[in-house]
Amino acid sequence: MKPIKISYIIPSYNESENIPKVLEAIKEEMNGQFYAYEVIFVDDGSSDDTLDVIKQLAFQFKEVQYISFTRNFGKESAMLAGLQHAQGDAVIMMDADLQHPPSLISQLLKGYEEGYDQVIAKRNRAGDSPVRSIISSFFYRLVNRTVDVKLTDGEGDFRLLSRRAVNALLTLSEGNRFSKGLYSWIGYGQKTISYENVARECGETKWSFPKLINYAIDGVVSFNHKPLRACFYTGALVLLLSLVYISITFVQIMQTGVAVPGYFTLISAVLFLGGVQLVCMGIIGEYIGRIYNETKKRPHYLIQHTSIGAPKEKREKHAIYS
Ligand code: UDP
Ligand code: MG
816 MKPIKISYII
826 PSYNESENIP
836 KVLEAIKEEM
846 NGQFYAYEVI
856 FVDDGSSDDT
866 LDVIKQLAFQ
876 FKEVQYISFT
886 RNFGKESAML
896 AGLQHAQGDA
906 VIMMDADLQH
916 PPSLISQLLK
926 GYEEGYDQVI
936 AKRNRAGDSP
946 VRSIISSFFY
956 RLVNRTVDVK
966 LTDGEGDFRL
976 LSRRAVNALL
986 TLSEGNRFSK
996 GLYSWIGYGQ
1006 KTISYENVAR
1016 ECGETKWSFP
1026 KLINYAIDGV
1036 VSFNHKPLRA
1046 CFYTGALVLL
1056 LSLVYISITF
1066 VQIMQTGVAV
1076 PGYFTLISAV
1086 LFLGGVQLVC
1096 MGIIGEYIGR
1106 IYNETKKRPH
1116 YLIQHTSIGA
1126 PKEKREKHAI
1136 YS
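Here the sequence shown is numbered in the working numbering, starting from 816 and rising by one per residue.
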C-alpha cells in the first residue's frame, strides 16, 4: 500500500537564511512518522538568493520541490500555487520564517488521523507590539460584525488541510483572495491547537502598516456587501435628519421670519454631507474595483521555474507556465 503523503507548502519571499532551517526542522519531525512527504517551496519573486538555496536543496533531497514566480505576486498567490501543485493526501501550510513552530506538526497530524479536515494552529499575541495587537483585535471585531464568515484572532495560515478541504479551496477561484475567510467559508470538521507566539528569527516581516490596512479592507469587503448597505442606511438617516431640520426651520421662518443668516448650520451641513458622500463613494468604488479585477480574469501568478511536472488542467486555469 502506498503511504499517505503530506505536502508542505512554504511561501518564501527573501527567506534564504530561514529555508534550510525550516526544511531541517520538518525532516526531523517527519523522521519517526510513517507518512511520505514533499516540501514545496514557493519562491514569490525573491530578490535575494532564496531560489538558489531552494534549488540546491531540491538537488540534495528528493522531497524538496519548488515553484518560482516571475515576480512578487504576494503570499496569497504563493499559497494558491502550492495548493494547486501539492500531490499529497493532506497539506500543511507553513511560513518560512519559523514563526510557525514545526514542533506542532505531530499534533497537526494527530488531528488529521482523528478525521478532521482542518487542523488549525492558533497563536496568541505574546511579543507582538501593543499597537499591532490593539489594531488586530479591533479588526477582528469589525470583521466579525460585518462579514458572513467567522474569523478568529490568531488563526492564520498555519494549518493542515485534508485533500477534500484543499479541493474545496481550489474551487474558489476569485482573483482577490483572502485566505482566512476562505478557510472559514469552506467549513468542514475543524480542530484547533494553541501555541505561544514566536518572534521571527532571521530577516524581517514583509508587513508594513499600509499593507496591513489594505489587508483589513480586503477582509471586510471580500465576503459580502454589507458595507454598501451601511452606506445606504447612513445616507437614509442623514436624509431623514435633514428633512426634519428643514421642516423645523421652515416652520420657524414662517412664524418669526429669517433670523441670523445661518452660516454655521449651512457650512456644517455641507461638510457633513460631503463627508458621508465621499465615504460612500469610496466603498462603492472598492466594490467596482473588485468587479473590474475579477472581469479581467488574470492569472494569480506566473511561473518562471518549477521542479514539478507538467501542469494539470485545473492548474492551467490559474497559472501560465513559461
Ligand atoms: N511571503 C510571501 N510573499 C510576500 C510576503 C511574504 O510569500 O509577498 C511569505 C514570507 O516569506 C513568509 C510568510 O509569507 O514565509 C509570512 O510573511 P511574514 O513573516 O513577513 O509575515 P508575518 O509573519 O509578519 O505576518
Ligand atoms: Mg512571519
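All C-beta atoms in this analysis are idealised placements derived from N, C-alpha and C, irrespective of residue type, glycine included.
According to the Cβ coordinates, are residue i and residue j closer than 8 Å?
i     : j     : result
S822  : D858  : no
I841  : T865  : no
V837  : I825  : yes
Y828  : K1021 : yes
V1059 : V1091 : no
A936  : I1008 : yes
D968  : S988  : no
L1056 : I1098 : no
N1152 : D943  : Any property of residue 1152 remains undetermined from this structure, which presents the chain solely from 816 to 1137.
F973  : D912  : no
L924  : Q848  : yes
C1017 : G1050 : no
Taking residue i as the reference, which of the options has the closest Cα?
i     : options                      : result
G1104 : P826, D1033 and T1080        : D1033
L1117 : A873, Q902, E853 and L895    : L895
R938  : V946, P916, V958 and I1106   : P916
A941  : Y1010, G1090 and I950        : Y1010
I1123 : A901, I935 and L924          : A901
R947  : S994, K890, A1031 and Q922   : A1031
L966  : S994, Q914 and L1086         : S994
R992  : F888, P945 and L957          : F888
S862  : Q875, F876, F1024 and E830   : E830
T1080 : I869, F1024, I1061 and S1023 : I1061
L957  : F874, A1045 and E928         : A1045
E839  : F876, I1106 and E970         : F876
I950  : S918, E1101, F1024 and I1063 : F1024
Once the 5 residues before and after residue i are set aside, which same chain residues still bring their CB inside 6 Å of it?
i     : result
I819  : Y850 and D904
E853  : S822, E878 and Q880
I920  : E844
G990  : N1108 and E1109
T961  : V1035 and K1041
F1047 : none
G1072 : none
V868  : S831 and I834
T1121 : I882
A873  : V879, Y881 and S1122
Per DSSP, what are the beta-bridge partners of residue i in this structure?
i     : result
Q922  : Paired residue(s): none; Q922 is not in a bridge.
I1008 : A936
E853  : S822
T1064 : For T1064, which the question treats as bridged, DSSP gives no partner whatsoever.
V958  : Looking at the DSSP assignment, V958 forms no beta bridge with any residue, so it has no partner.
T1142 : In the structure as shown, the chain starts at 816 and stops at 1137, and residue 1142 therefore has no counterpart that could be examined.
Y881  : F856
E970  : K937
V906  : S822 and L976
T1121 : I882
S1057 : Partner(s): none; S1057 has no beta bridge.
D862  : Asp is not the amino acid found at residue 862; the sequence shown has Ser there. None; S862 has no bridge partner.
S827  : D858
So, for residue i: in the same chain, excluding its five sequence neighbours on each side, which residues have a beta-carbon less than 7 Å away from its beta-carbon?
i     : result
V964  : G996, S999, W1000 and F1038
L898  : I824, V906, V981, L984 and L985
E1128 : Bear in mind that the predicted position of E1128 carries a pLDDT of just 48, short of 50, making it too unreliable to give a figure here.
F1087 : none
N959  : K965 and L966
K1111 : none
V1085 : none
Residues in the same chain with beta-carbon distance under 8 Å from residue i, minus the five sequence neighbours each way, listed in chain order, please.
i     : result
G930  : G1004
D932  : L976, S977, R979, A980, Y1003, G1004 and Q1005
F954  : A1031 and G1034
S1137 : Its pLDDT being 46, under 50, S1137 is placed unreliably in this model, and the coordinates cannot settle the point.
What whole-angstrom Cβ distance do residue i and residue j have, given they're in contact under 8 Å?
i    : j     : result
G926 : R886  : 36 Å between Cβ atoms; not a contact.
Q914 : R1015 : 6 Å
Closer than 7 Å: is that where the CB of residue i sits relative to any heavy atom of the ligand ATP?
i    : result
D943 : Annotation note on the ligand ATP: not contained in the displayed structure, which lists the ligand UDP and the ligand MG as its ligands.
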